[in-house]
Amino acid sequence: MLLVLFGTTALTACQSDPMPTDVAVAWAGDGKTAVQVSWKDSNAPNRITIEGVLSSSPSWVKYIPAGDPNTFDIPTSAFPPDGNYRVAVATGTSQGGVTSKLARSEVFDTDGPVGPAGASATPIGRGVLMKWTVPAAPQDFTPNDPLDVKGPKTQRYVPMVGRPGEMMRPIGPGTTSTRQLIKSIKPPYLFQLSAQNEWSTRLGGEVLGLTSSVNGAVPALAQYSVQVHVRGRVVLQETVCPAENPCVQRRATPAGVPVVVLTQVTPGARWTPAARGSTTAGGHYDIPMVNGPSRPYKITVPGYSRAGVLTAPSTDRPVYTKSVVRVATAGFVGGPAKRRGDNVLVYTTVTPAMNTTVVLQAWNRQTRRWVNLKAVAMRKGQASLLFKASQAGSFSYRFVIPGAMMFGRPMGGTITPPLPLYVR
Numbered sequence: 010m011l012l013v014l015f016g017t018t019a020l021t022a023c024q025s026d027p028m029p030t031d032v033a034v035a036w037a038g039d040g041k042t043a044v045q046v047s048w049k050d051s052n053a054p055n056r057i058t059i060e061g062v063l064s065s066s067p068s069w070v071k072y073i074p075a076g077d078p079n080t081f082d083i084p085t086s087a088f089p090p091d092g093n094y095r096v097a098v099a100t101g102t103s104q105g106g107v108t109s110k111l112a113r114s115e116v117f118d119t120d121g122p123v124g125p126a127g128a129s130a131t132p133i134g135r136g137v138l139m140k141w142t143v144p145a146a147p148q149d150f151t152p153n154d155p156l157d158v159k160g161p162k163t164q165r166y167v168p169m170v171g172r173p174g175e176m177m178r179p180i181g182p183g184t185t186s187t188r189q190l191i192k193s194i195k196p197p198y199l200f201q202l203s204a205q206n207e208w209s210t211r212l213g214g215e216v217l218g219l220t221s222s223v224n225g226a227v228p229a230l231a232q233y234s235v236q237v238h239v240r241g242r243v244v245l246q247e248t249v250c251p252a253e254n255p256c257v258q259r260r261a262t263p264a265g266v267p268v269v270v271l272t273q274v275t276p277g278a279r280w281t282p283a284a285r286g287s288t289t290a291g292g293h294y295d296i297p298m299v300n301g302p303s304r305p306y307k308i309t310v311p312g313y314s315r316a317g318v319l320t321a322p323s324t325d326r327p328v329y330t331k332s333v334v335r336v337a338t339a340g341f342v343g344g345p346a347k348r349r350g351d352n353v354l355v356y357t358t359v360t361p362a363m364n365t366t367v368v369l370q371a372w373n374r375q376t377r378r379w380v381n382l383k384a385v386a387m388r389k390g391q392a393s394l395l396f397k398a399s400q401a402g403s404f405s406y407r408f409v410i411p412g413a414m415m416f417g418r419p420m421g422g423t424i425t426p427p428l429p430l431y432v433r
């Protein structure tokens with residue numbers, strides 16, 4: 010009991026001075042770079058501290074000599090962001106300690122800006138229109154506190170751009186708008202927003218301006234109306250800006266990059282899409298395409314934009330694919346087994362359905378070469394010849410189909426596989 014009474018007496022003696030009154034906080038000037046705390050007392054020395062309310066208290070303290078004005082401007086950097094705080098004033102010195110009870114201001118928050126959730130870019134001429142969205146502000150747990158900034162637009166967005174070899178830097182003043190027109194900019198770059206309010210800064214709303222390069226393999230020779238595959242790879246160059254370091258450029262090979270196969274239908278015509286696809290992991294693509302007449306093809310990555318990305322277009326060099334007439338069917342009506350004296354109808358159909366003259370050939374065993382038997386008219390891709398099986402034996406025939414012109418370009422001719430005929 011004696012120990013308790015002694016402790017209580019000592020505590021009362023240490024806090025025997027009158028407590029300051031009317032502690033208040035307000036912004037110091039229009040720049041909102043400092044919080045001015047004021048109080049009333051009887052010309053005593055004072056100690057000022059910052060107390061966290063459900064937040065950790067920062068290790069900041071200031072002693073005011075007796076006789077100095079009862080105000081002090083605390084820099085906003087002394088307050089941790091995104092917390093609830095109040096300023097406490099007591100009578101005391103750095104040598105003698107606190108000699109009064111603490112007088113406290115109202116509670117206020119130091120909530121930072123609401124960062125942009127995402128940004129997108131739309132090319133306009135030589136420039137780009139950047140747009141971004143901002144989510145709703147979180148609930149204010151200290152409504153109408155003395156440091157609340159009034160008005161619907163209490164934060165600004167500073168547009169920043171980083172290019173390879175350069176530091177990320179502002180390219181314009183802060184704005185309360187959610188869009189920014191950059192009149193002249195070319196990839197590669199990194200666009201970023203610095204959202205700022207009176208308490209802190211938060212980065213967000215990034216757009217990567219990418220350059221692209223594409224290579225592709227298109228077959229030099231392909232049969233008409235047969236599916237072929239156009240394969241290749243797309244490589245993007247993106248900009249990365251480490252904190253307090255120059256930006257660097259690095260290679261990226263993402264999936265989902267659109268790829269378009271272009272062609273010229275006729276010589277000198279404009280390039281039009283023939284097939285479309287997109288990259289898979291590693292930047293690779295494999296686009297199936299039904300081959301048409303002989304044409305040039307080139308692979309392109311079109312300029313496109315999506316949330317957070319703007320990609321510059323690129324095109325591979327054109328490659329010419331020569332088409333070859335395709336044999337669709339060939340053989341003998343009723344099958345290859347016949348009797349001597351039967352009528353034999355040999356036929357073939359090809360694509361495209363062209364009109365020309367084909368040649369039926371037979372294999373000569375004595376000379377060991379193919380010899381021409383008959384020129385046969387082909388109409389709409391079909392040709393046939395009726396003849397009599399005059400002698401028994403095994404024979405082999407084939408049709409020779411010449412090349413043709415289609416849409417102003419030559420197509421290669423072809424030959425049917427050997428057609429065996431058995432006569433007994």
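Numbering (our numbering), first residue to last: 10 to 433. We treat Cβ as the ideally placed atom computed from N, Cα and C, and that holds for glycine.
- prompt: If you run the structure through DSSP and keep just helix, strand and coil, what is residue 434?
  reply: The chain is shown only over 10 to 433; residue 434 falls outside these bounds and no answer can be derived.
- Measuring CA to CA, which of 283, 364 and 129 is closest to residue 318? 129
| Straight-line gap, residue 249 to residue 93 (C-alpha atoms, nearest Å) | 35 Å
Endpoints, the beta strand (DSSP E) within which residue 233 is located: Where residue 233 is concerned, there is no enclosing beta strand (DSSP E), given that its DSSP letter is neither H nor E.
### Query
Taking just the CA atoms, how far does residue 323 sit from residue 252?
31 Å
- Item | Candidates 305, 431, 242 and 413: closest to residue 403 by CA position | 431
*Could you give the residue range of the beta strand (DSSP E) that holds residue 155?*
Neither: residue 155 is in no beta strand (DSSP E) and is coded neither H nor E.
Going by other Cβ atoms of all chains shown within 10 Å of its Cβ, with 16 needed for buried, is residue 40 buried or exposed?
exposed
- Message: Among the candidates 91, 112, 75 and 344, whose CA atom is the shortest distance from the CA of residue 103?
- Response: 75
- Can you say whether residue 207 is buried or exposed, counting buried as having 16 or more other CB atoms within 10 angstroms of its CB? buried
Can you have a look at residue 169 and say buried or exposed, based on whether 16 or more other CB atoms are within 10 angstroms of its CB?
-> buried
Over the uninterrupted beta strand (DSSP E) stretch that includes residue 374, give me the two end residues.
-> Run containing residue 374: none; DSSP gives neither H nor E here.
How long is the line joining the alpha carbons of residue 266 and residue 141, rounded to whole angstroms? 22 Å
**Q.** residue 330 beta carbon less than 9 Å from that of residue 230
**A.** yes
query: According to the Cβ coordinates, are residue 383 and residue 359 closer than 9 Å?
result: no
Supposed contact pair residue 233 and residue 335 - C-beta distance, whole angstroms, cut 8 Å
5 Å
Using the DSSP secondary-structure output, state which residues sit across from residue 383 in a beta bridge.
369
What does DSSP give as the partner residue(s) for residue 185 in the beta ladder?
Answer is none; residue 185 lacks a bridge partner.
Report task. Could you round the C-beta distance between residue 396 and residue 353 to whole angstroms and report it? I think they count as a contact, below 8 Å. Result -> 6 Å
Review point. Applying the criterion that 16 or more other CB atoms from any shown protein chain within 10 Å of the CB defines a buried residue, is residue 72 buried or exposed?
Key: exposed
Q: Look at the alpha carbon of residue 139 and the alpha carbon of residue 106, and state the distance between them as a whole number of angstroms.
A: 56 Å
Could you have a look at residue 146 and say whether DSSP puts it in helix, strand or coil?
coil
Give me, in chain order, the residues of the same chain whose beta-carbon lies closer than 6 Å to that of residue 179; leave out the 5 immediate sequence neighbours on both sides.
167 and 169
Q. To which residues of the same chain is residue 21 closer than 6 Å at the C-beta, ignoring the five residues directly before and after it?
A. For residue 21, the predicted structure reports a pLDDT of 37, less than 50, and the residue's modelled location is therefore unreliable. A value from the coordinates is still provided. Nothing meets the Cβ criterion.
Given that a residue counts as buried once 16 or more other Cβ atoms are within 10 Å of its Cβ, and exposed if not, what is residue 283? buried
Item to complete: With residue 226 as the anchor, note down where its beta strand (DSSP E) starts and where it stops.
Response: 210-226
For this session: Please go through the same chain and pick out, in chain order, the residues whose beta-carbon is closer than 8 Å to the beta-carbon of residue 117, but skip the five residues on each side of it.
Result: 34, 93, 94, 95, 151, 154, 155, 156 and 157
**Prompt:** By Cβ distance below 7 Å, which residues in the same chain neighbour residue 56 in space, the five residues on each side in sequence not counted?
**Reply:** 70, 72, 99, 101 and 107
Status (buried if at least 16 other CB within 10 Å, exposed otherwise) for residue 223: buried
*asked:* Strictly by DSSP, which residues pair up with residue 404?
replied: 430
Work out the CA separation of residue 119 and residue 13 for me, nearest whole Å. Low confidence applies here, because residue 13 scores a pLDDT of 34, under 50, leaving its location unreliable and the question unanswered by this model.
*Taking the Cβ atom as the reference point for each residue, do residue 365 and residue 413 lie within a distance shorter than 9 Å?*
yes
Closest by CA to residue 426, which one among 25, 410, 433 and 415?
410
Contact between the region 287-301 and the region 185-202 (3+ Cβ pairs under 8 Å): no
### Message
With a threshold of 6 Å on Cβ separation, who are the neighbours of residue 121 within its own chain once the five nearest residues in sequence on each side are excluded?
### Response
90, 91, 208, 209 and 211
- Can residue 325 and residue 225 be called in contact, C-beta distance under 9 Å? yes
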